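Counting in the working numbering, the sequence shown runs without a single skipped number right up to 365 at its last residue. The C-beta atom is built at its ideal place from N, Cα and C for all residues, glycine as well. Remember, it's a predicted structure, so these values are computed and weren't measured experimentally. Report on one structure; see the data block that follows.
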Amino acid sequence: MRFMLVTKNEEMKHVKKTKIIKINAEKPEEAHLREAAAILRRGGLVAFPTETVYGLGAAVNHPQAIQRLYAVKGRPVDNPLIVHLDSYQRLPAVAVAVPPAARRLAGKFWPGPLTMVLPKKATVPAEVSAGLPTVAVRVPAHPVALRLLELAGIPVAAPSANLSGRPSPTRGSHVVEDLDGLVEMILDAGPTGVGVESTVLDLTGETPRILRPGGVTREMLEGVFGVGQVEEADPATIESGRPLAPGMKYRHYAPKAPLYLVAGEPARVNRYIVDRLAEEEKTRRKPAVLAYDEDRDYYRGVLFFSLGKREKPEEAAERLFSLLRACDEAGAESIYAAAPSRTGLGRAVFNRLWKAAGGNVVEVG
Ligand code: TXA
Ligand code: MG
Numbered sequence: 001m002r003f004m005l006v007t008k009n010e011e012m013k014h015v016k017k018t019k020i021i022k023i024n025a026e027k028p029e030e031a032h033l034r035e036a037a038a039i040l041r042r043g044g045l046v047a048f049p050t051e052t053v054y055g056l057g058a059a060v061n062h063p064q065a066i067q068r069l070y071a072v073k074g075r076p077v078d079n080p081l082i083v084h085l086d087s088y089q090r091l092p093a094v095a096v097a098v099p100p101a102a103r104r105l106a107g108k109f110w111p112g113p114l115t116m117v118l119p120k121k122a123t124v125p126a127e128v129s130a131g132l133p134t135v136a137v138r139v140p141a142h143p144v145a146l147r148l149l150e151l152a153g154i155p156v157a158a159p160s161a162n163l164s165g166r167p168s169p170t171r172g173s174h175v176v177e178d179l180d181g182l183v184e185m186i187l188d189a190g191p192t193g194v195g196v197e198s199t200v201l202d203l204t205g206e207t208p209r210i211l212r213p214g215g216v217t218r219e220m221l222e223g224v225f226g227v228g229q230v231e232e233a234d235p236a237t238i239e240s241g242r243p244l245a246p247g248m249k250y251r252h253y254a255p256k257a258p259l260y261l262v263a264g265e266p267a268r269v270n271r272y273i274v275d276r277l278a279e280e281e282k283t284r285r286k287p288a289v290l291a292y293d294e295d296r297d298y299y300r301g302v303l304f305f306s307l308g309k310r311e312k313p314e315e316a317a318e319r320l321f322s323l324l325r326a327c328d329e330a331g332a333e334s335i336y337a338a339a340p341s342r343t344g345l346g347r348a349v350f351n352r353l354w355k356a357a358g359g360n361v362v363e364v365g
């Protein structure tokens with residue numbers, strides 16, 4: 001018999017049975033939400049949909065619940081969590097010195113896929129912010145998330161509901177794959193809308209700075225602050241130096257197979273990938289391709305997944321994480337991805353592919 005060392009964290013991780021509940025996305029059944037809210041309030045873990053990706057919630061004021069959340073996900077403890085609120089009015093519960101910009105942004109983008117980094121109130125446990133003096137906050141725009149937060153009546157920390165390193169979950173089934181048996185409850189409301197996570201915006205400096213591109217685009221933020229008035233942290237710098245959004249330094253959103261991100265003029269990108277596929281034939285690896293509807297003809301007879309129409313990055317955003325999981329399921333041993341243009345929502349899609357590629361991109365001009 002194999003002897004297994006069970007650490008305290010391992011013990012903390014397992015629950016007897018996860019309650020998996022199908023819930024209506026537009027008109028969520030109140031009884032389910034009440035039960036979920038009660039679990040959160042007593043320090044349990046509940047996975048729920050947001051408009052971006054599914055989140056795994058734990059009460060901010062419950063340090064043990066927060067510790068268990070890190071253990072369950074296998075998340076590095078230096079990677080802080082986003083606090084979810086049911087309204088802007090609750091912001092003073094977690095942040096001090098709310099700058100005028102936060103009010104304006106909330107008025108325009110909350111509820112919605114924008115996370116603001118603000119000076120943290122002392123009452124927010126260090127576990128939530130990984131010891132940083134700041135706290136990241138957002139009000140999610142999903143009827144299930146909003147009503148759940150309202151009923152819980154407390155701030156809820158919620159990272160994406162995937163195991164650390166795996167693509168973020170955009171379907172209830174993804175959450176079940178990763179967390180069944182590890183959390184008290186999973187609320188399955190079907191596909192999320194946006195598909196990539198919220199934009200993380202640092203408001204603690206002179207100039208607002210994007211730490212992670214997401215659902216609220218740079219162009220939308222420039223609409224508020226003025227063109228050229230929004231900085232953007234270079235993810236490559238974040239990788240090498242002291243990370244600004246600590247989560248950005250980890251390779252994640254990653255399928256099991258190595259992913260090669262190819263950027264440039266579409267015809268060149270396709271020709272490059274076709275050449276690589278010919279090489280792959282010799283190595284007998286099973287490749288998969290992620291490209292656009294317009295590219296299909298290049299990839300007859302190859303495992304091909306469409307990111308939608310090239311000019312519609314919202315299609316790529318919606319299905320990206322799902323397709324990365326599908327590559328794994330199909331047994332792909334290498335993945336070639338055609339990069340979207342780095343504007344609008346395409347910037348967030350590019351960023352996630354770049355992360356999945358371990359920070360490498362092939363530029364073919
Ligand atoms: O759309 C989303 O934001 C989803 C849904 C569930 O709301 N949540 C999400 O959480 O993506 P997570 O934990 O997967 O990503 C949080 C990101 C990480 O990159 C983390 O480092 C950064 O936010 N972050 C959190 N607190 C921060 C802080 N105080 N300063 C800088 N970055 C912070
Ligand atoms: Mg995540």
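Give a single yes or no on whether residue i has its beta carbon closer than 6 Å to a heavy atom of the ligand TXA.
i, result
"S322", "no"
"V216", "no"
"E197", "yes"
"S164", "no"
"I82", "yes"
"P190", "Note that residue 190 is Gly in the sequence shown here, rather than Pro. G190 Cβ: outside cutoff for every heavy atom of the ligand TXA."
"S129", "yes"
"N79", "yes"
"T50", "yes"
"A136", "yes"
"L179", "no"
"L132", "yes"
"V72", "no"
"G55", "yes"
"V200", "yes"
"V443", "Any question about residue 443 goes unanswered here, given that the chain covers just 1 to 365."
"V117", "yes"
Cα-Cα, which of the options is closest to residue i?
i, options, result
"V200", "S341, R34, N351", "N351"
"I68", "L163, G358, L259", "Note on residue identity: the sequence assigns Arg, not Ile, to residue 68. When only C-alpha atoms are compared, the closest one is L163."
"Y54", "R42, V144, F109", "V144"
"F225", "R42, K108, V46", "K108"
"E265", "V362, F304, T123, G190", "V362"
"T207", "L221, P191, A317", "L221"
"A338", "E279, V274, R285", "V274"
"G190", "A97, S173, S198, T204", "S173"
"V117", "L45, H62, R147, G205", "G205"
"E281", "V194, G301, I154, W110", "G301"
"E59", "K256, I154, A236", "This sequence places Ala at residue 59; Glu is not what is there. It is I154 whose Cα lies nearest to the Cα of A59."
"E219", "G344, A291, A348, A254", "G344"
"S160", "V175, L146, H32", "V175"
"K27", "L146, V364, A122, Y70", "L146"
"F304", "D295, E311, K312", "D295"
"E184", "A101, P313, H32, A236", "H32"
Buried or exposed for residue i, going by 16 or more other Cβ atoms inside 10 Å?
i, result
"A136", "buried"
"A330", "exposed"
"T50", "buried"
"V77", "exposed"
"D188", "buried"
"A152", "buried"
"G346", "buried"
"D202", "buried"
"K73", "buried"
"E315", "buried"
"P140", "buried"
"K355", "buried"
"G241", "Note on G241: pLDDT 45, under 50, position unreliable in the model; no value is reported."
"E30", "exposed"
"M4", "Low confidence applies to M4: its pLDDT is 38, below 50, so where it sits in the model is not reliable, and the reading given next is rough at best. M4 is exposed by the Cβ-count criterion."
"N360", "exposed"
Any heavy atom of the ligand MG closer than 6 Å to the CB of residue i?
i, result
"P159", "yes"
When you compare the CB positions of residue i and residue j, do they come within less than 7 Å of one another, or not?
i, j, result
"E177", "D86", "no"
"R166", "I82", "no"
"I66", "V128", "yes"
"L114", "S168", "no"
"A278", "A332", "no"
"G195", "A317", "yes"
"D293", "K309", "yes"
"L63", "V96", "It should be noted that the sequence gives Pro, not Leu, for residue 63. For P63 and V96, no; Cβs fall outside 7 Å."
"I335", "A263", "no"
Residue i CB to nearest chain B CB: under 7 Å?
i, result
"P125", "Absence of chain B from the displayed structure is noted, only one protein chain being present."
Requested in this report: Please specify which runs of the beta strand (DSSP E), each continuous and at least 3 residues long, are wholly inside the segment 58-112, giving them in chain order.
Outcome: At a cut-off of 3 residues, the continuous stretches assigned as beta strand (DSSP E) that sit fully inside the segment 58-112 are 82-84.
**Report entry** Within the segment 106-162, ranges of the alpha helix (DSSP H) (whole runs, at least 4 residues)
**Finding:** 126-129, 143-152
Query - Whole runs of the beta strand (DSSP E) within the segment 154-240, excluding any shorter than 3 residues - result: As far as the segment 154-240 is concerned, its whole beta strand (DSSP E) runs of at least 3 residues are 185-188, 199-202, 209-212.
**Report entry** Inside the segment 259-331 only - beta strand (DSSP E) runs reaching at least 3 residues
**Finding:** Within the segment 259-331, the complete beta strand (DSSP E) runs of at least 3 residues fall at 259-263, 287-291, 303-306.
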